[in-house]
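Colleague: Please find one structure pasted underneath; my questions will follow.
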Amino acid sequence: MYDVLIIGAGLSGLTTAYALREKGINYKILEARDRPGGRINTLDGPLEMGATWLGGQHTHLLQLLKQVSVEIFPQHTEGKISYEVSSFQDIQHFDFPPGQAPSYRIKGGSAKLIESLIDRIDRDTILFNAQVAEIKDNSDSVEVILNSGTALEAATVITTIPPQLLARSIQFTPPLPENKTSIMWQTHTWMGESIKYAVSYASPFWREKGLSGMGFSQTGIIQEVHDHSNFENEFFALKGFLNPDLARLDYEEREGKVISTLIRLFGNQAGEYLEYSEHLWANDPFTSVKDAIPVVPHQNNGHEILRAEAYDGKLMFSGTESSLAYPGYMDGAVFSGLNAAQRVLKKYQRAES
């Protein structure tokens, strides 16, 4: 039997494992995907299809980055911002607002943080392709049953799964309290409806035109776009968010509409691209629920009921949506992960006293 089972090898779950690693706690991480990171999803480039930016206010994340020797760099904002009111009007250009707090990205990509955490906790502590089917209270322990039929037992289980997905995808025996399940169903999943895209180029032609690479459009295709070149300025790309309604189109149609919009925003050179990439988080079975209750962004994120323990404290709930600090952001994932580890350690301190 394990001391702790952590469900989810995203930033929250890995942070918990990192915090427990030197305390003699025997833990195992269960990850449904075949990769770590959860909603941190970095493609070669690096190209971020998931969590990307952080700010100076994200102190828990910044402290963790420092501890694992991962560096950050400022988001490129030098140059004009492009703004499209409609496809029938000229593109407008604006200066970057003075006094705007800078955003930062992680050198080498957000996955650099994930890999740095795994290096410190040992990859063998993660069981991949381990989708949880049921969590069962066994009086003195908690049993976690996988879709494969494998059963694992622990004194404490910590789940980091997004609340909506958790309520839909896992059976709880006995059932969770109705008020908790209701809030879980009505909690927005960070990134849940997002379509992220990136377009790579041989050079940052927009910078040569005095443009920042930042742009916004009201045409219903691209919601926003940003310069996504790497720190070394050896890889160049534009990246942003698409209108979630475009999920109904096929890949080629979305690609065509994105390139057409980028050409309007930045000129004909935007059509001379190397590669188009995208990720539809609404189609990710380990992030989103297809027939979820409609919610507004960040709805119920940070709600105290989400953090309420079950099964006499043996089942804990973590993850960025439950965080008291910056829920829905990477900082929230780190904060919740650390908080879960602290609660586990307090349990063991009480047991030893």
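Per the numbering used here, the sequence shown starts with residue 1, numbered consecutively.
Cβ coordinates follow ideal geometry from the N, Cα and C atoms, glycine included.
Inspect the CB distances between the segment 230 to 242 and the segment 202 to 213 and report whether three or more fall short of 8 Å.
Modeller: These segments touch.
Colleague: So is D284 buried or exposed if we call it buried at 16+ other beta carbons inside 10 Å?
Modeller: Translated into positions along the sequence shown, residue 284 becomes position 284. Its Cβ being crowded by 16 or more others within 10 Å, D284 is buried.
Colleague: Ignoring anything shorter than 4 residues or poking outside the segment 175 to 239, list the alpha helix (DSSP H) runs there in chain order.
Modeller: For the segment 175 to 239, whole alpha helix (DSSP H) runs of length 4 or above, ordered along the chain, are 178 to 185, 205 to 208.
Colleague: Using the three-state DSSP reduction, which class does G37 fall into: helix, strand or coil?
Modeller: Indexing the sequence shown from 1 puts residue 37 at position 37. Looking at G37 - three-state DSSP - the assignment turns out to be strand.
Colleague: Any idea if S354 is buried or exposed, counting beta-carbon neighbours within 10 angstroms, 16 or more meaning buried?
Modeller: Residue 354 cannot be examined here, being either before or after the span of the chain that is shown, 1 to 353.
Colleague: Can you tell which of E208, A19, K314, G24 has its C-alpha closest to the C-alpha of E143?
Modeller: Position 143 of the sequence shown, counting from 1, holds the residue named residue 143. For E143, the nearest C-alpha among the options comes from K314.
Colleague: Are the CB atoms of A340 and S318 nearer to each other than 8 Å?
Modeller: Locating residue 340 in the sequence shown gives position 340, where the first residue counts as 1. Locating residue 318 in the sequence shown gives position 318, where the first residue counts as 1. Taking 8 Å as the Cβ cut-off, A340 and S318 qualify as a contacting pair.
Colleague: Go to A151, then tell me how far its beta strand (DSSP E) extends in each direction, as first and last residue.
Modeller: The residue labelled residue 151 in the question sits at position 151 within the sequence shown. Its beta strand (DSSP E) spans residues 151 to 159.
Colleague: Of the choices F88, T77, F73, whose alpha-carbon is the least far from that of S110?
Modeller: As a working mapping, residue 110 is identified with position 110 in the sequence shown. When only C-alpha atoms are compared, the closest one is F73.
Colleague: Mind pulling the beta strand (DSSP E) runs of 3 or more residues that sit fully within the segment 81 to 162?
Modeller: You should have 92 to 94, 103 to 106, 132 to 137, 142 to 146, 151 to 159.
Colleague: Around the C-beta of I293, are 16 or more other C-beta atoms found within 10 angstroms, so that it is buried, or is it exposed?
Modeller: Taking the sequence shown and counting its residues from 1, the one referred to as residue 293 is at position 293. Exposed, since its Cβ has fewer than 16 Cβ neighbours within 10 Å.
Colleague: Contact defined as beta carbons within less than 8 Å: I believe H76 pairs with S217. What is the distance between those atoms, to the nearest angstrom?
Modeller: The residue labelled residue 76 in the question sits at position 76 within the sequence shown. The residue labelled residue 217 in the question sits at position 217 within the sequence shown. Rounded, the Cβ-Cβ distance is 19 Å, inconsistent with contact.
Colleague: Looking only at its chain, what residues have a beta carbon closer than 7 Å to the beta carbon of T125, apart from the 5 residues adjacent to it on each side?
Modeller: To locate residue 125, count along the sequence shown from 1; it is residue 125. Correct list, in chain order: A17, Y27, K28, I29.
Colleague: So T156 and K347 are in contact, right, with Cβ under 8 Å, and what is the actual spacing, rounded?
Modeller: Translated into the one-based positions of the sequence shown, residue 156 becomes position 156. Translated into the one-based positions of the sequence shown, residue 347 becomes position 347. Indeed, because the Cβ distance is near 7 Å, the residues count as touching under 8 Å.
Colleague: Rounding to the nearest angstrom, what Cα-Cα distance links G332 and Q223 in this structure?
Modeller: One-based indexing of the sequence shown puts residue 332 at position 332. One-based indexing of the sequence shown puts residue 223 at position 223. Each residue's alpha carbon lies about 24 Å from the other.
Colleague: By how many angstroms is the C-alpha of K180 removed from the C-alpha of I305?
Modeller: Counting from 1 along the sequence shown, the entry for residue 305 is found at position 305. Counting from 1 along the sequence shown, the entry for residue 180 is found at position 180. Taking the straight line joining both Cα atoms gives about 6 Å.
Colleague: Where does the unbroken beta strand (DSSP E) through H279 begin, and where does it stop?
Modeller: By 1-based counting over the sequence shown, the position of residue 279 is 279. Run containing H279: 275 to 280, per the beta strand (DSSP E) assignment.
Colleague: What are the boundary residues of the alpha helix (DSSP H) that I363 is part of?
Modeller: Residue 363 is absent from the structure shown; the chain starts at 1 and stops at 353.
Colleague: Taking the continuous alpha helix (DSSP H) assigned at N63, which residues delimit it?
Modeller: In the sequence shown, residue 63 corresponds to position 63, counting from 1. Just to set this straight, residue 63 is Gln in the shown sequence, not Asn. First-last of the alpha helix (DSSP H) with Q63: 59 to 67.
Colleague: Could you compute how far the alpha carbon of E321 sits from the alpha carbon of H303?
Modeller: On the sequence shown, position 321 is the one that residue 321 refers to. On the sequence shown, position 303 is the one that residue 303 refers to. C-alpha separation (whole angstroms): 8 Å.
Colleague: Run through DSSP, which three-state label would K346 get?
Modeller: Sequence index remark: in the sequence shown, residue 346 carries index 346 (1-based). Three-state result, K346: helix.
Colleague: Just list the residues that DSSP pairs M330 with in beta bridges.
Modeller: To locate residue 330, count along the sequence shown from 1; it is residue 330. None; M330 has no bridge partner.
Colleague: Below 7 Å, is the gap between the Cβ of G319 and the nearest heavy atom of the ligand HEM?
Modeller: Although the ligand HEM was asked about, the structure shown includes no ligands whatsoever.
Colleague: Use the C-beta contact count for A198: other C-beta atoms within 10 angstroms, 16 or more gives buried, fewer gives exposed.
Modeller: On the sequence shown, position 198 is the one that residue 198 refers to. Classification for A198: buried.
Colleague: I think R39 touches G10, with their Cβ atoms under 8 Å apart; what is that distance to the nearest whole Å?
Modeller: The residue you call residue 39 lines up with position 39 of the sequence shown. The residue you call residue 10 lines up with position 10 of the sequence shown. The pair is a contact, with the Cβ atoms about 6 Å apart (cut-off 8 Å).
Colleague: DSSP has I7 in a bridge; who is on the other side?
Modeller: Counting from one through the sequence shown, the residue named residue 7 turns up at place 7. Partner(s): L30, T159.
Colleague: List the residues that DSSP assigns as beta-bridge partners of P74.
Modeller: The residue given as residue 74 occupies position 74 in the sequence shown. Looking at the DSSP assignment, P74 forms a beta bridge with Y104.
Colleague: Applying the criterion that 16 or more other CB atoms from any shown protein chain within 10 Å of the CB defines a buried residue, is L265 buried or exposed?
Modeller: As a working mapping, residue 265 is identified with position 265 in the sequence shown. Buried, by the Cβ-count rule.
Colleague: In the DSSP assignment, the beta strand (DSSP E) including F172 goes from what residue to what residue?
Modeller: The sequence position of residue 172 within the sequence shown is 172, counting from 1. Taken as a continuous stretch (DSSP letters only), the beta strand (DSSP E) holding F172 covers 171 to 173.
Colleague: From the DSSP output, in three-state form, read off L20 for me.
Modeller: Walking along the sequence shown from the start, residue 20 turns up at place 20. Of the three classes helix, strand and coil, the one that applies to L20 here is helix, per DSSP.
Colleague: Identify the continuous alpha helix (DSSP H) that holds L262 and give its terminal residues.
Modeller: Looking up residue 262 in the sequence shown gives position 262. Segment 251 to 266, the alpha helix (DSSP H) holding L262.
Colleague: Tell me the rounded alpha-carbon separation between A51 and K112.
Modeller: The residue labelled residue 51 in the question sits at position 51 within the sequence shown. The residue labelled residue 112 in the question sits at position 112 within the sequence shown. When rounded, the distance between both Cα atoms is 12 Å.
Colleague: For a test of the three-state rule: what should DSSP assign to E48, helix, strand or coil?
Modeller: The residue given as residue 48 occupies position 48 in the sequence shown. Residue state, collapsed to three classes: strand.
Colleague: In this structure, how does DSSP classify A340 when only helix, strand and coil are distinguished?
Modeller: Translated into positions along the sequence shown, residue 340 becomes position 340. Helix at A340.
Colleague: So, is M184 buried or exposed, given that buried needs 16 or more other C-beta atoms within 10 angstroms?
Modeller: Here residue 184 corresponds to residue number 184 of the sequence shown, with the count starting at 1. The residue in question, M184, is buried, as its Cβ has 16 or more Cβ neighbours within 10 Å.
Colleague: Count the other C-beta atoms from every protein chain shown that fall within 10 angstroms of the C-beta of S82, then say buried if there are 16 or more, exposed otherwise.
Modeller: As a working mapping, residue 82 is identified with position 82 in the sequence shown. It counts as buried.
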